[in-house]
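According to the numbering used here, the sequence shown is numbered sequentially starting from 0.
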Amino acid sequence: MTYDLAVWEGERPADDKTAGHVFSELYARYIDGDVEEPPSERIAAYVAALLERWCDLAEDEEDTSPWSTGPLIDEAGGPLIYFCMRWSMAEEASAHAAAVAESMGLVCFDVQQDRLRP
Numbered sequence: 000m001t002y003d004l005a006v007w008e009g010e011r012p013a014d015d016k017t018a019g020h021v022f023s024e025l026y027a028r029y030i031d032g033d034v035e036e037p038p039s040e041r042i043a044a045y046v047a048a049l050l051e052r053w054c055d056l057a058e059d060e061e062d063t064s065p066w067s068t069g070p071l072i073d074e075a076g077g078p079l080i081y082f083c084m085r086w087s088m089a090e091e092a093s094a095h096a097a098a099v100a101e102s103m104g105l106v107c108f109d110v111q112q113d114r115l116r117p
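Here it is as structure tokens:
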């Protein structure tokens, strides 16, 4: 089982319901769409910041990474990253991911709970 978060560039939606709609639209366009778009500079910087704390799953020889897929940057497209964490590390990793997103002026949406974070 995994725990899913989405982080994107843009204005913070007014409420959780609006954020859910924004996430769905971004996901349909950048993750599930026909055209692949490389991650934006801000999203690439966000991923780099996450990987400063925990290594990428593709490089995890000690089984310490919270990420469920790797390379983590492959989960990003344009202004959005949608990524999964191992359930056993989700509380700590999602709190850190949300804090990093906030510090970088990005929107963090908790897909599991259908709500904005923090």
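Idealized CB from N, CA, C, for every residue including glycine.
Around the Cβ of Asp109, a 10 Å sphere holds 16 or more other Cβ atoms; the residue is buried.
Burial state of Arg52 is exposed, judged by a 10 Å Cβ sphere holding fewer than 16 other Cβ atoms. Under DSSP, Ile42 takes part in no beta bridge, so it has no partner. The alpha-carbon of Gly77 is positioned some 17 Å away from that of His20. The C-alpha of Thr63 lies about 27 Å from the C-alpha of Gly104. The C-beta of Met84 has 16 or more other C-beta atoms within 10 Å across all chains shown, which makes the residue buried. In the three-state scheme derived from DSSP, where H, G and I count as helix and E and B as strand, Met88 is classed as helix. For Ala75, the closest C-alpha among the options Glu61, Leu115, Gly32, Arg116 is that of Gly32. The three-state secondary structure of Ala97, taken from DSSP, is helix. In the DSSP annotation of this structure, the continuous segment of the alpha helix (DSSP H) that includes Val21 starts and ends at 15–25. Around the beta-carbon of Ser93, 16 or more other beta-carbon atoms lie within 10 Å, marking it buried.
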